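Structure record follows, encoded as structure tokens.
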Ligand SMILES: Cc1cc2nc3c(=O)[nH]c(=O)nc-3n(C[C@H](O)[C@H](O)[C@H](O)COP(=O)(O)OP(=O)(O)OC[C@H]3O[C@@H](n4cnc5c(N)ncnc54)[C@H](O)[C@@H]3O)c2cc1C
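Residue numbers (our numbering): 1 to 385.
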């Protein structure tokens with residue numbers, strides 16, 4: 001167990017990475033009164049900054065509630081509202097999401113599954129939507145409103161977090177070489193920074209692959225592309241729309257349109273490669289499908305194309321916990337497509353783990369390691385699908 005947790009002095013921790021994972025660990029530690037040092041290389045195109053930040057109660061083809069929604073959503077809502085109060089920012093927006101059904105089967109699946117009122121207002125519910133209200137959308141199989149749904153404006157949230165950390169002198173903008181710059185004395189120390197830490201939390205997303213301490217982390221990453229486009233006339237701006245793509249009103253007559261899943265092109269570079277062009281064409285085709293004629297045939301102005309690699313796992317569940325040999329090293333990773341929803345509760349569980357509380361098995365990164373990969377000390381990241 002970590003030394004200072006048993007003394008009067010609050011623990012001192014370092015957090016490597018300030019995306020959604022690292023920011024959540026930082027705030028949960030601040031709320032406990034711990035001393036924190038955050039290191040981040042300030043990548044403007046990090047996965048967390050490219051993300052749309054959607055929090056959606058019902059996801060996937062089976063019309064099921066998002067995994068462990070009843071645990072994750074109440075914590076996320078309380079957490080982001082608290083940080084808005086602390087920082088004076090506004091980045092957590094709750095608004096029902098508009099689900100446009102793609103087939104009669106999908107429509108009846110939703111209707112049959114979600115025909116009873118929710119137990120409480122944090123649980124998912126599906127309300128009818130009057131399609132006449134939105135003639136610009138093509139809705140042959142009707143549509144429904146999903147709630148509670150939310151959007152975290154991730155860049156605003158991360159900027160507010162970094163501003164706060166900067167004012168506390170807790171932020172170091174640098175690119176840490178985790179292999180070289182972390183030493184044990186026997187407590188962990190980071191080259192160039194004063195003092196030792198009680199624990200180091202690695203929150204590096206896909207870049208964890210560069211880190212020898214968590215080289216076994218079984219990531220199954222997926223690139224996602226996202227476009228910013230000019231909204232066609234009369235396009236609804238009250239709701240995020242989910243169809244074969246999602247569309248997010250982003251203010252100033254602009255929409256975000258996303259996102260693709262590509263497990264082969266593992267970088268965030270936007271250039272003229274065939275796969276990048278294909279991602280853009282796919283998203284625009286999906287957007288057109290959603291538009292009723294004549295809007296469908298109008299040209300769509302692309303304002304920006306961005307991409308990043310999601311740190312997903314093989315079973316789509318998070319990867320958090322302690323290093324097997326160095327109990328003062330922890331990781332929070334594997335957030336996949338749900339970093340906004342899951343990071344607050346996972347960060348809380350990780351800090352509780354420092355106090356000796358077990359991490360639920362379905363979140364623990366060790367669940368995915370086979371004895372074979374441990375024995376050979378091979379990196380499961382390199383295996384193919
Ligand atoms: C196109 C797209 C759309 C998405 N949409 C959504 C969505 O709607 N809702 C949602 O919840 N999620 C969405 N996601 C997923 C979401 O972005 C991820 O779950 C989340 O960003 C992962 O956060 P992270 O902190 O683990 O990783 P990252 O965002 O990659 O953060 C890691 C941070 O660590 C820093 N870092 C890494 N190594 C070092 C080092 N050695 N030294 C210093 N700094 C370092 C990086 O610079 C970065 O700031 C989307 C992702 C993509 C690509």
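For glycine and all other residues, C-beta sits at the position ideal for the given N, C-alpha and C. Remember, predicted model here, so these are calculated numbers, not experimental data.
Coil, strand or helix - residue i by DSSP
{"i": "residue 47", "result": "helix"}
{"i": "residue 414", "result": "Any answer about residue 414 is impossible in this case: the structure gives the chain only from 1 up to 385."}
{"i": "residue 55", "result": "strand"}
{"i": "residue 74", "result": "helix"}
{"i": "residue 315", "result": "coil"}
{"i": "residue 87", "result": "helix"}
{"i": "residue 22", "result": "helix"}
{"i": "residue 220", "result": "coil"}
{"i": "residue 331", "result": "strand"}
{"i": "residue 181", "result": "helix"}
{"i": "residue 257", "result": "strand"}
{"i": "residue 173", "result": "strand"}
{"i": "residue 365", "result": "helix"}
{"i": "residue 127", "result": "strand"}
{"i": "residue 110", "result": "helix"}
{"i": "residue 271", "result": "coil"}
{"i": "residue 246", "result": "strand"}
{"i": "residue 358", "result": "coil"}
{"i": "residue 373", "result": "With a pLDDT of only 45 at residue 373, under 50, the local geometry of the prediction cannot be trusted, and the value read off the model is given with reservation. In this structure, residue 373 counts as helix in the three-state DSSP scheme."}
{"i": "residue 92", "result": "strand"}
{"i": "residue 295", "result": "helix"}
{"i": "residue 277", "result": "helix"}
Distance, residue j Cα to residue i Cα
{"i": "residue 342", "j": "residue 159", "result": "19 Å"}
{"i": "residue 12", "j": "residue 89", "result": "27 Å"}
{"i": "residue 332", "j": "residue 133", "result": "43 Å"}
{"i": "residue 50", "j": "residue 221", "result": "15 Å"}
{"i": "residue 66", "j": "residue 85", "result": "27 Å"}
{"i": "residue 107", "j": "residue 209", "result": "41 Å"}
{"i": "residue 127", "j": "residue 251", "result": "25 Å"}
{"i": "residue 203", "j": "residue 298", "result": "43 Å"}
{"i": "residue 110", "j": "residue 69", "result": "17 Å"}
{"i": "residue 344", "j": "residue 165", "result": "17 Å"}
{"i": "residue 238", "j": "residue 52", "result": "16 Å"}
{"i": "residue 198", "j": "residue 121", "result": "40 Å"}
{"i": "residue 260", "j": "residue 186", "result": "45 Å"}
{"i": "residue 309", "j": "residue 147", "result": "28 Å"}
{"i": "residue 215", "j": "residue 323", "result": "11 Å"}
{"i": "residue 196", "j": "residue 277", "result": "48 Å"}
{"i": "residue 262", "j": "residue 8", "result": "49 Å"}
{"i": "residue 317", "j": "residue 22", "result": "18 Å"}
{"i": "residue 45", "j": "residue 337", "result": "16 Å"}
Near ligand 1: residue i beta-carbon under 8 Å from a heavy atom
{"i": "residue 311", "result": "yes"}
{"i": "residue 210", "result": "yes"}
{"i": "residue 296", "result": "no"}
{"i": "residue 133", "result": "no"}
{"i": "residue 282", "result": "no"}
{"i": "residue 338", "result": "yes"}
{"i": "residue 46", "result": "yes"}
{"i": "residue 170", "result": "no"}
{"i": "residue 201", "result": "no"}
{"i": "residue 332", "result": "yes"}
{"i": "residue 154", "result": "yes"}
{"i": "residue 241", "result": "no"}
{"i": "residue 104", "result": "no"}
{"i": "residue 136", "result": "no"}
{"i": "residue 64", "result": "no"}
{"i": "residue 194", "result": "no"}
8 Å contact criterion, which residue i and residue j should meet: CB distance rounded
{"i": "residue 353", "j": "residue 205", "result": "Actually they are not in contact, since the Cβ atoms of residue 353 and residue 205 sit about 20 Å apart, beyond 8 Å."}
{"i": "residue 386", "j": "residue 152", "result": "Because the chain spans 1 through 385 in this model, residue 386 falls outside it and cannot be assessed."}
{"i": "residue 307", "j": "residue 225", "result": "4 Å"}
{"i": "residue 242", "j": "residue 289", "result": "In fact, because the Cβ distance is near 13 Å, the residues do not count as touching under 8 Å."}
{"i": "residue 96", "j": "residue 149", "result": "6 Å"}
{"i": "residue 387", "j": "residue 117", "result": "Nothing about residue 387 can be read from this structure; the chain reaches only from 1 to 385."}
Pair within 9 Å by beta-carbon distance, residue i and residue j
{"i": "residue 25", "j": "residue 351", "result": "yes"}
{"i": "residue 291", "j": "residue 257", "result": "no"}
{"i": "residue 99", "j": "residue 54", "result": "no"}
{"i": "residue 320", "j": "residue 274", "result": "no"}
{"i": "residue 346", "j": "residue 363", "result": "yes"}
{"i": "residue 286", "j": "residue 305", "result": "no"}
{"i": "residue 136", "j": "residue 235", "result": "yes"}
{"i": "residue 200", "j": "residue 283", "result": "no"}
{"i": "residue 240", "j": "residue 249", "result": "yes"}
{"i": "residue 77", "j": "residue 94", "result": "yes"}
{"i": "residue 368", "j": "residue 218", "result": "yes"}
{"i": "residue 43", "j": "residue 162", "result": "no"}
{"i": "residue 230", "j": "residue 300", "result": "yes"}
{"i": "residue 184", "j": "residue 141", "result": "no"}
Residue i beta carbon near ligand 2 (any heavy atom closer than 8 Å)
{"i": "residue 18", "result": "Ligands present in the displayed structure are limited to ligand 1, and ligand 2 is not among them."}
Contact with chain B by residue i, beta-carbon distance below 9 Å
{"i": "residue 237", "result": "The structure shown contains no chain B; it holds only a single protein chain."}
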